[in-house]
Amino acid sequence: MPCGGWAMPSRLRAQWAGSPTASSAGPISRSPATLPVNSEHAVIEREGLYRALAAHPTQWMDAMPGRTNHLEAGVLVPLVWTPNLCVLMTLRSQNLRDHPGEVCFPGGSREPGDDDLCATALRESLEEIGIDEAQVLGQLSSIPLYTSDFRLVPFAAEVPHRPYRPCSDEVAEVLTVSVAKYLGLHHIDALPFTAHGVTALSPIFNIEGHVVYGATAHVFLELLEIVAREWNWQVPPLQEGRYHWDEILPNHPPPS
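Note that the sequence shown covers residues 754 to 1009 in my numbering.
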């Protein structure tokens, strides 16, 4: 399942290179009193969020420079209530040939028996982490990768909160990621890159000690934006300063 790579931003709200940068320190959380709907201790009204996901306008981003991005991967963005809103991600096994040890959403390439890419995402989620029931809520924007010809086609779905069954050959761990935690950051780390003549910032998240970047980070950012609108809140700004290209993609320099 492709998960890294540098993706074209899913919206042009990204800041231009040369804008003020953050300090080298990591993001600081806002105090709980300033978080939307009392943050971690609130349950977002589900129906409103689900209507927003169903009505969300998706974008189909152009292929990255030098890529065709014609290979589609259906991925599931599993939403779970704990009772607070969380999203499930997977830590890929170190034994995998492609993207070992990276954090991503469950998913993969379409197989002959799949009716569509949504069916692909559901099948892969069952195979990878044992999700055997899901209520599909809507589709997010298609994100092309810079490091391969794949593009992600994500589908958001509510899944039950219960123990999951990760396939040990593919998944080292299932991560339950709090949405409120990342909406409560002072800023979201980012790095600049240039594609199609546009220089923008691409988000980078530190999730349980794992650096999440590229297409997976863009999908997560888009989800944060949808939730933030329902909370009447703002997504933390993207800011440079903490990471460098040689740390994130030492073998794949970004387009310039």
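Built from N, CA and C at the ideal position, the CB exists for glycine as well. From a predicted model like this one, the values you see are computed outputs, not experimental measurements.
Residue i - containing alpha helix (DSSP H), residue span
i, result
"A826", "Unbroken run through A826 is the beta strand (DSSP E), L824 to W834; no alpha helix (DSSP H)."
"A874", "L870 to I882"
Residue i - DSSP class collapsed to helix/strand/coil
i, result
"A948", "strand"
"E1000", "helix"
"G801", "helix"
"L898", "coil"
"L806", "helix"
Residue range of the unbroken beta strand (DSSP E) whose run includes residue i
i, result
"C839", "L838 to R845"
"F903", "F903 to E911"
"T969", "T969 -> not in any beta strand (DSSP E); alpha helix (DSSP H) instead, spanning G967 to W984."
"G861", "G860 to S862"
"V930", "V924 to S931"
"G819", "Here G819 belongs to no beta strand (DSSP E), and DSSP marks it neither H nor E."
"V889", "Q888 to Q892"
Residue i classed as buried or exposed, judged by whether at least 16 other C-beta atoms fall within 10 angstroms
i, result
"R845", "buried"
"Q892", "buried"
"W813", "exposed"
"R1024", "Within the shown structure, residues of the chain are numbered from 754 to 1009, placing residue 1024 beyond reach of any answer."
"M881", "According to the sequence provided, residue 881 is Glu. The question's Met does not apply to it. It is buried - the Cβ of E881 has at least 16 other Cβ atoms within 10 Å."
"N822", "buried"
"S784", "Because S784 sits at a pLDDT of 36, beneath the cut-off of 50, its placement in the model cannot be relied upon, and the point is left open."
"R764", "Any reading at R764 needs caution, since the residue's pLDDT is 36, under 50, leaving its predicted position unreliable; the model's value is listed next. R764 comes out exposed."
"E911", "buried"
"G860", "buried"
"Q888", "exposed"
"T947", "exposed"
"E993", "buried"
"T969", "buried"
"T873", "buried"
Between the CA atoms of residue j and residue i - distance to the nearest angstrom
i, j, result
"F973", "H997", "21 angstroms"
"H809", "L977", "13 angstroms"
"P789", "D869", "Interpretation of P789 is limited by its pLDDT of 44, a score under 50 that renders its predicted location unreliable; the figure taken from the coordinates is listed afterwards. For P789 and D869, the distance between alpha carbons rounds to 36 angstroms."
"V951", "N959", "25 angstroms"
"R995", "P865", "43 angstroms"
"P897", "L905", "6 angstroms"
"V830", "P1003", "28 angstroms"
"E800", "D999", "43 angstroms"
"I884", "C920", "11 angstroms"
"A795", "L832", "With a pLDDT of 45 at A795, under the threshold of 50, the predicted position of this residue should be treated as unreliable, and no value is reported."
"F908", "H949", "26 angstroms"
"V930", "E961", "8 angstroms"
"D902", "N837", "36 angstroms"
"T900", "A816", "11 angstroms"
"A807", "E877", "22 angstroms"
"M842", "P818", "28 angstroms"
"E855", "D922", "14 angstroms"
"F858", "V828", "6 angstroms"
"L824", "A805", "28 angstroms"
"V927", "C871", "21 angstroms"
"A943", "A933", "19 angstroms"
"Y917", "S862", "22 angstroms"
"L1001", "H963", "Residue 1001 is actually Ile in this sequence, not Leu. So the two alpha carbons sit approximately 11 angstroms from each other."
Cutoff 8 angstroms; reference residue i; Cβ partners in own chain excluding five residues on either side
i, result
"V988", "L936, I941, L974, L977, E978 and A981"
Cβ-based neighbour list, residue i, same chain, cut-off 6 angstroms, excluding 5 preceding and 5 following
i, result
"Y803", "L890"
"V965", "V856 and F958"
Neighbourhood of residue i by C-beta distance below 7 angstroms, restricted to the same chain and skipping five residues each side
i, result
"E983", "I797, G801, L802 and A805"
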